[in-house]
Every structure is written in structure tokens, then in C-alpha cells.
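Chemist: Following this message is one structure expressed as C-alpha cells.
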Amino acid sequence: MLILSRKIEESIIVGDTITIKILGIHEGQVKIGIEAPKEIKVFRSEVYEQIQKENIEASKSEKTSVSKAASMLRQHKAGTQGAKQ
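Add 21 to the 1-based position in the sequence shown for our numbering, that's all there is to it.
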């Protein structure tokens, strides 16, 4: 981890396209501004963690749904083959 000291209005450059600027410090809180290209997503860590948790849950239910659909298709196919005979 890189640790830097910055004062108000000073910046940090990340790569070629991201700038992090200290906007203010008040009562133990630091306000920062982040300039980044639109294709780079920037989240607070608690929001990012919630998104990851929801993605994991969604992928679990999707697997179940796909398995269920495949089972239904197999049953349907077996039923239509039996009706043809």
C-alpha cells in the first residue's frame, strides 16, 4: 500500500487517466474528488461490496433457473417422443 500525505487542493494521479484531488478536510472527514473516464466505474467500498454480494446471489439463482429449465426441456422432449409412438 502506498501512503501519501496531501493538503487541500493537492492531487494524486493514478495511471494516465485518474486524478484524485483533496477538496476539503472538516471534523475528521476528508472530501475527495475523483476524475476518471466514464468507462471506469468508481464506487465507495461499501457500495462495491453490496454489488458483489448481489451479483453472487443472482448467479446462484440463475444456475438454479438454468438447471430447472434444462430439466423441464428434457421432460417435455421425453413427453413428446412418447406421444409420437
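Using N, Cα and C, we set each Cβ at its ideal position, and we do this for glycine too. Remember, it's a predicted structure, so these values are computed and weren't measured experimentally.
Please confirm whether Thr40 and Pro58 have their CB atoms less than 7 Å apart.
Modeler: The answer is no: Cβ separation not under 7 Å.
Chemist: For the beta strand (DSSP E) that Leu23 lies in, which residues bound it at each end?
Modeler: Where Leu23 is concerned, there is no enclosing beta strand (DSSP E), given that its DSSP letter is neither H nor E.
Chemist: Helix or strand or just coil, what does DSSP make of Val68?
Modeler: Correct three-state label for Val68: helix.
Chemist: If you check the beta carbons only, do Arg65 and Ile43 fall under 7 Å apart?
Modeler: It is not a contact, given that the beta carbons lie outside the stated cut-off.
Chemist: Among Ala90, Ala91, Glu56 and His97, which one has its Cα closest to the Cα of Ile34?
Modeler: With distances taken between Cα atoms, Ile34 lies closest to Glu56.
Chemist: Could you tell me how far apart the beta carbons of Ile24 and Ile46 are, in whole angstroms, since I believe they sit closer than 8 Å?
Modeler: Wrong, their Cβ atoms sit about 16 Å apart, outside the cutoff.
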